[in-house]
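Numbering (the working numbering), first residue to last: 90 to 202.
Each remark here refers to the structure printed beneath this line.
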């Protein structure tokens, strides 16, 4: 009878240790799951921030590119207007020279003729 009681006592201790071990394992696993879920949420939040920053950077680059093109167009328009003024001025001077040459030819033909 003593051996039976001893075996039952040992079995009870073993079962209690298994129950306690299983309970500790379950609690640890639950804690790890919560931590993993929290880390996943942090990762998702960081990804959203990165995408937002990327979009902001691309928008900034697009705006900078648009501003650059506008400034280049202003410069081209300014250069074009200056070129047109110079060409107009040169054309006027050339026409004045032709008028003077025609006058001189007319005066020469009147004097010779």
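We put the CB at the ideal spot given by N, CA and C, even for glycine.
Bear in mind the structure is a predicted one, so any value in this text is a computation, not a measurement.
Does DSSP classify residue i as helix, strand or coil?
i	result
residue 107	helix
residue 161	helix
residue 90	coil
Return the CA-CA distance between residue i and residue j, expressed in angstroms with no decimal places.
i	j	result
residue 110	residue 146	53 Å
residue 100	residue 126	38 Å
residue 150	residue 161	16 Å
residue 195	residue 165	44 Å
residue 207	residue 123	With the chain represented from 90 up to 202, any question about residue 207 goes unanswered, as that position is not in the structure.
residue 190	residue 158	47 Å
residue 193	residue 184	14 Å
residue 106	residue 114	12 Å
residue 186	residue 163	34 Å
residue 176	residue 168	12 Å
For chain C, find out if any of its Cβ atoms is closer than 8 Å to the Cβ of residue i; answer yes or no.
i	result
residue 121	The structure shown contains no chain C; it is built from a single protein chain.
Can residue i be considered in contact with the ligand ATP, in the sense that its beta carbon sits closer than 7 Å to one or more heavy atoms?
i	result
residue 180	As for the ligand ATP, it is missing from this structure, which has no ligand bound.
If you drop the 5 nearest sequence neighbours on each side, which residues of the same chain put their C-beta closer than 8 Å to that of residue i?
i	result
residue 103	none
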